[in-house]
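Numbering (this note's numbering), first residue to last: 191 to 383. Here a beta-carbon is modelled for each residue, glycine too, at the ideal position from N, C-alpha and C. Taking it in order: structure first as structure tokens, then the write-up.
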Amino acid sequence: RRRAAEALASFERIDDLIEHMSLITRQLKSYAHKGGGAAKPIDVRNSVSSVLSMMDSQIRQDGVQVISSLPQDPVIVSVDHVRLEQVLLNLVRNALDATSAASEPRIEILVTVGDEALIMVRDNGAGIEDLEKLFEPFYTTKMPGDGVGLGLAISSGIVNELGGRLIARNGRDGGAVFEVTLPISIQAMAAAE
Numbered sequence: 191r192r193r194a195a196e197a198l199a200s201f202e203r204i205d206d207l208i209e210h211m212s213l214i215t216r217q218l219k220s221y222a223h224k225g226g227g228a229a230k231p232i233d234v235r236n237s238v239s240s241v242l243s244m245m246d247s248q249i250r251q252d253g254v255q256v257i258s259s260l261p262q263d264p265v266i267v268s269v270d271h272v273r274l275e276q277v278l279l280n281l282v283r284n285a286l287d288a289t290s291a292a293s294e295p296r297i298e299i300l301v302t303v304g305d306e307a308l309i310m311v312r313d314n315g316a317g318i319e320d321l322e323k324l325f326e327p328f329y330t331t332k333m334p335g336d337g338v339g340l341g342l343a344i345s346s347g348i349v350n351e352l353g354g355r356l357i358a359r360n361g362r363d364g365g366a367v368f369e370v371t372l373p374i375s376i377q378a379m380a381a382a383e
């Protein structure tokens with residue numbers, strides 16, 4: 191009986207390791223994948239709403255207050271919307287993880303437009319300890335098994351491919367702040383007005 195229990199525990203551990211390796215492989219494939227679908231004019235507000243809709247059940251389950259501030263007028267960028275949503279999904283997931291220990295977890299998403307479109311995701315978690323390494327592949331602040339450290343590296347690569355920038359900083363009042371800056375599509379913005 192004891193050997194059977196040990197064997198079962200070993201098989202469960204092997205199964206966990208295989209699942210973890212599968213996750214790493216999927217993320218490596220995504221990291222290695224360049225480009226994506228065709229760039230088309232899209233409204234950033236729709237991408238933010240789509241990601242929040244996708245994450246709604248986890249947001250509610252985690253008891254996180256999400257405050258989104260979107261402009262009334264369209265914010266048009268010319269990108270592959272799937273790639274942009276992949277970045278936003280990663281930033282929101284990271285913010286959810288970061289706020290897990292907060293007594294009143296909160297995530298703010300702010301979209302503004304000027305010379306460029308700015309999407310800011312801010313949380314009230316513990317903040318970022320090592321900003322210099324944050325976008326390096328395989329750097330993670332999560333516990334072993336909770337992440338492999340490719341999400342932000344992939345996101346940074348995607349944003350660069352889209353002609354933008356992804357930066358991170360610690361908020362003045364604590365927490366982390368991520369800013370995605372993308373060039374606006376001037377012709378599409380003019381047509382939308």
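Start-to-end residues for the beta strand (DSSP E) that takes in residue i
| i | result |
| --- | --- |
| serine 258 | 255-259 |
| methionine 245 | Neither: methionine 245 is in no beta strand (DSSP E) and is coded neither H nor E. |
| isoleucine 344 | Note, isoleucine 344: premise wrong, no beta strand (DSSP E); alpha helix (DSSP H) at 341-351. |
| alanine 166 | A query on residue 166 cannot be resolved here, the shown segment of the chain reaching from 191 to 383 and no further. |
| aspartate 233 | 230-233 |
Straight-line gap, residue i to residue j (C-alpha atoms, nearest Å)
| i | j | result |
| --- | --- | --- |
| alanine 307 | proline 373 | 6 Å |
| serine 258 | leucine 300 | 6 Å |
| leucine 286 | glutamine 276 | 15 Å |
| threonine 371 | glutamine 262 | 19 Å |
| glutamine 255 | arginine 203 | 36 Å |
| glutamate 294 | asparagine 314 | 8 Å |
| serine 243 | arginine 193 | 47 Å |
| serine 290 | glycine 353 | 32 Å |
| isoleucine 232 | valine 269 | 7 Å |
| glycine 253 | alanine 228 | 37 Å |
| serine 375 | isoleucine 249 | 31 Å |
| asparagine 284 | glycine 317 | 11 Å |
| aspartate 320 | aspartate 205 | 32 Å |
| arginine 235 | leucine 260 | 6 Å |
| leucine 281 | glycine 304 | 22 Å |
| leucine 274 | asparagine 360 | 23 Å |
| valine 349 | arginine 191 | 54 Å |
| alanine 366 | alanine 358 | 7 Å |
| alanine 424 | aspartate 363 | No information on residue 424 is available, as it lies outside the stretch 191 to 383 that the chain covers here. |
| serine 239 | isoleucine 309 | 12 Å |
Burial state of residue i (16 or more Cβ within 10 Å)
| i | result |
| --- | --- |
| phenylalanine 201 | exposed |
| valine 272 | exposed |
| isoleucine 297 | buried |
| arginine 312 | buried |
| isoleucine 208 | exposed |
| glycine 347 | buried |
| leucine 198 | exposed |
| alanine 288 | buried |
Boundaries (first-last residue) of the alpha helix (DSSP H) holding residue i
| i | result |
| --- | --- |
| histidine 360 | For the record, residue 360 in the displayed sequence is asparagine; it is not histidine. Not the alpha helix (DSSP H): asparagine 360 falls in the beta strand (DSSP E), residues 355-360. |
Closer than 7 Å to chain D by CB, residue i
| i | result |
| --- | --- |
| asparagine 280 | In summary, chain D is missing from the structure at hand, where a single protein chain is found. |
Point to revise | Sequence ranges, alpha helix (DSSP H) only - wholly within the region 247-322, length at least 4 | key: 271-288
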